[in-house]
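Following: one structure in C-alpha cells, then a few remarks.
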Amino acid sequence: MVIIVALTGVGTAFIQNRLVTLTHEEISNQLDVVAAALNGSEDEIAMLSHLELDNARVTLVDLDGSVLYDSQESPAMMPNHKNRPEISQAFKEGRGSSERSSSTLGEVMLYEAKRLDCGRVVRLSQAQSGFLTVLLSVIGPILAMALVCIVGLLFVARREARAIIAPLRDVDLDHPRRNADAAYAEMVPMLERIESQRQELKRQMRVLADNDRMRREFTANVTHELKTPLTTISGYAELIENGLVASEDDQRDFGRRIHNEATRLAALVNDILTLSSLDEVEHGDAEVSKSVWGASEPVDLSRVVDAVCQRLEPVADASGITLGQDTDPVIVFGLPRLLDEMIYNLTNNAIRYNRENGSINLYCGADDEGHPYVRVRDTGIGIAPEECGKIFERFYRVDKSRSKARGGTGLGLAIVKHAAVFHHAQIDVQSELGQGTTITVLFPVQDPSLWS
C-alpha cells in the first residue's frame with residue numbers, strides 16, 4: 027500500500043512539473059510573436075488592445091515600472107511593476123520568467139517577460155493548469171469514450187462468448203463421444219474421459235444390481251435350505267416326543283434321519299460361513315483373510331491332491347467309484363486351507379454326481395507355458411452345454427434329486443469359484459451328457475521372487 031501511494035505521488039509530481047514546463051514554453055512562444063508585433067508598431071497600446079490571446083494576460087510596463095496597459099485590469103489601479111522578478115530580469119537581461127501567486131487574480135500564475143526595442147517590457151501571464159484541473163477538463167470526453175468502448179466491447183464479447191459457448195452448450199453428456207466432431211479439439215480428451223467414466227459407472231451399477239439380485243436370491247435360498255432340514259428334524263422329534271414312534275427300530279430310524287438332517291444342516295452352515303469369509307477376503311479384508319484362512323505361502327498342489335484323495339477315498343469306495351491320481355509336484359503361492367477346500371469340493375462334487383462303478387482321476391502339474399493346474403475328470407452324468415456357465419452359482423444344482431439324496435448343499439462349486447478368483451486362476455469346464463465332466467483350474471505362472 028505504501029509503495030502504491032509513493033508511486034502515485036511521484037507520478038503526480040512528474041505530471042505537474044511537465045505541465046508547468048509546457049505552459050512556460052507556450053507563453054514564451056506567444057510572447058515572441060507579441061514582441062515582434064510591438065517592435066514594428068508605432069502605437070503599442072492600440073496594437074495590444076486588438077490582440078486576442080487565449081487564456082493569456084498581457085501587460086506593458088514602462089521604463090520606470092509603471093503599467094501602461096493590462097488586458098484584465100485597469101493600469102491606474104495597478105502598482106509599480108519595476109521590482110517584479112520577471113520585469114526586473116527582463117530590464118537587465120532582455121528576458122525574464124517567474125511563477126507566483128497573483129495578488130490581483132488570486133491564482134498561481136506563470137509569467138514570461140521580454141524587453142522591447144524601445145526599452146519597455148511586455149509581459150504575458152497565464153494561470154497554472156494543475157493536474158486535477160487538466161484531469162477535470164478531459165474527464166467528460168474520456169468517460170464518454172470509455173462508455174462507448176465498454177458498450178462496444180460488451181457487444182463484441184457477448185457475441186464471441188456465444189460463439190465459444192455454443193459447442194459447449196450443444197454437448198450431449200449422455201453420449202459424449204457423439205460430440206467429438208462438433209466440439210473443440212481440446213475438449214475431445216475430456217469428452218472421452220467423461221464417456222469412459224460414464225461407462226465405468228454403468229458397469230459398476232450393473233455389478234451393484236447383480237450383487238443385489240444375487241444377495242436376495244442367496245437370502246431366499248438360504249432360508250429355504252435351512253428351513254427344510256429344520257422342518258424335518260422338528261417333525262421327527264415331535265413324533266418321538268408324542269410317543270407315536272413305539273418300536274425301537276422306528277426310533278432308531280427316526281434318530282438316523284434326524285442325525286442325517288442335522289449333519290446336512292451343519293454342512294450347509296459351514297459352507298455359508300466359508301462363502302461369507304471368502305466375500306470378506308475378496309473385498310480386501312486382510313484381517314479376516316489371515317484369521318480364517320491363515321497366511322499365504324508356497325503350496326505343493328500334488329500334496330494337496332494326495333491328502334484330498336486319502337480323505338475322500340472311503341466315500342468313493344462306498345459308492346463303488348474308483349479314485350485315482352496322476353500328479354507332478356508343482357508350487358502355487360496361496361492359502362493352503364483354501365486350496366485344499368477348492369480341490370476337496372471339486373472331488374466331492376465329482377463323487378456325488380458320478381454313476382455307479384464310475385471313476386474319478388485327479389491331475390496336477392504345469393502346462394507347456396508354465397501355468398500350474400489342477401484337473402478333476404469324472405465319468406458322471408455330465409452337464410448340458412447351457413448349464414455349464416451356471417454350475418458355479420450358489421445353490422445351483424444340475425440334478426436336484428441326486429443332490430438331495432447325496433446331501434449336497436449347492437455351495438461347493440461356488441466356493442471353488444471364489445477360491446479360484448482369490449488365486450487369480452481361471453476355471454475351464456468340459457462336459458458331455460452321459461459321458462462325464464472335466465474341470466480344470468489354471469493358475470498364473472508363479473514368480474518365486476514375489477513369495478517373500
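Sequence positions in the sequence shown follow the numbering used here and run 27 to 478.
In this text, a Cβ means the ideal position worked out from N, Cα and C, and glycines have one as well.
Cβ pair residue i, residue j closer than 7 Å
{"i": "HIS107", "j": "VAL84", "result": "no"}
{"i": "ASN383", "j": "GLY346", "result": "yes"}
{"i": "ILE465", "j": "LEU372", "result": "yes"}
{"i": "LEU142", "j": "ASN55", "result": "no"}
{"i": "VAL147", "j": "ILE113", "result": "yes"}
{"i": "HIS444", "j": "LEU304", "result": "yes"}
{"i": "LEU361", "j": "SER322", "result": "yes"}
{"i": "PHE418", "j": "ALA440", "result": "yes"}
{"i": "VAL467", "j": "ALA451", "result": "yes"}
{"i": "CYS390", "j": "VAL455", "result": "no"}
{"i": "ARG290", "j": "PRO255", "result": "yes"}
{"i": "ALA342", "j": "ILE369", "result": "no"}
{"i": "LYS489", "j": "ALA61", "result": "Absent from the model: residue 489. The displayed extent of the chain is 27 to 478, so no value can be given."}
{"i": "GLY350", "j": "ASN380", "result": "no"}
{"i": "ILE53", "j": "GLU125", "result": "no"}
{"i": "PHE421", "j": "GLY436", "result": "yes"}
{"i": "SER385", "j": "THR348", "result": "yes"}
{"i": "LEU89", "j": "TYR95", "result": "no"}
Inter-residue Cα distance where the pair is residue i and residue j
{"i": "VAL334", "j": "THR258", "result": "31 Å"}
{"i": "PRO324", "j": "ARG401", "result": "19 Å"}
{"i": "ASP473", "j": "PHE359", "result": "9 Å"}
{"i": "ARG149", "j": "PRO167", "result": "34 Å"}
{"i": "ALA153", "j": "SER127", "result": "9 Å"}
{"i": "THR353", "j": "VAL331", "result": "8 Å"}
{"i": "ASP236", "j": "ARG242", "result": "10 Å"}
{"i": "SER475", "j": "ALA293", "result": "39 Å"}
{"i": "GLY156", "j": "MET135", "result": "Because the pLDDT at GLY156 is just 48, under 50, the model does not fix this residue reliably, and the value given afterwards should be weighed accordingly. Their Cα atoms are separated by approximately 11 Å."}
{"i": "GLU99", "j": "LEU77", "result": "15 Å"}
{"i": "TRP477", "j": "ILE357", "result": "11 Å"}
{"i": "ASP58", "j": "ARG185", "result": "56 Å"}
{"i": "ASP279", "j": "PRO355", "result": "46 Å"}
{"i": "ALA72", "j": "ASN81", "result": "20 Å"}
{"i": "ARG282", "j": "SER260", "result": "14 Å"}
{"i": "ALA63", "j": "GLY145", "result": "15 Å"}
{"i": "ILE29", "j": "LEU169", "result": "28 Å"}
{"i": "ARG428", "j": "GLU287", "result": "Annotation note: pLDDT 49 at ARG428 (below 50); position unreliable, coordinate value reported separately. If you take the alpha carbons of ARG428 and GLU287, they lie about 16 Å apart."}
{"i": "SER75", "j": "ASP69", "result": "10 Å"}
{"i": "GLY21", "j": "ARG363", "result": "The chain is shown from 27 up to 478; residue 21 falls before or after that span and cannot be answered."}
{"i": "HIS397", "j": "ASP326", "result": "14 Å"}
{"i": "ALA116", "j": "ALA172", "result": "47 Å"}
{"i": "LEU179", "j": "LEU48", "result": "35 Å"}
{"i": "VAL442", "j": "ARG329", "result": "18 Å"}
{"i": "PRO105", "j": "VAL174", "result": "52 Å"}
{"i": "ARG232", "j": "ARG403", "result": "35 Å"}
{"i": "SER222", "j": "ILE190", "result": "25 Å"}
{"i": "GLU264", "j": "GLY438", "result": "32 Å"}
Beta strand (DSSP E) segment containing residue i, residue limits
{"i": "PHE448", "result": "Here PHE448 belongs to no beta strand (DSSP E); instead the alpha helix (DSSP H) covers 438-448."}
{"i": "ALA321", "result": "Neither: ALA321 is in no beta strand (DSSP E) and is coded neither H nor E."}
{"i": "ARG149", "result": "147-153"}
{"i": "LEU388", "result": "385-392"}
{"i": "MET135", "result": "134-141"}
{"i": "LEU349", "result": "348-353"}
{"i": "SER127", "result": "121-127"}
{"i": "TYR399", "result": "398-404"}
{"i": "LEU468", "result": "462-468"}
{"i": "GLN452", "result": "452-458"}
C-beta neighbour in chain B for residue i, strict 7 Å
{"i": "ALA172", "result": "Absence of chain B from the displayed structure is noted, only one protein chain being present."}
Element boundaries [alpha helix (DSSP H), containing residue i]
{"i": "THR373", "result": "362-378"}
{"i": "SER11", "result": "This structure gives no information on residue 11, because the portion of the chain shown stretches from 27 to 478."}
{"i": "GLN336", "result": "327-344"}
Practice item. May I ask you to verify whether the stretch 403-418 touches the stretch 445-464, counting CB pairs closer than 8 Å and requiring at least 3? Key: yes
Review point. Can you give, in chain order, each stretch of the beta strand (DSSP E) that sits fully within the stretch 77-126 and has at least 3 residues?
Key: 83-87 and 93-96
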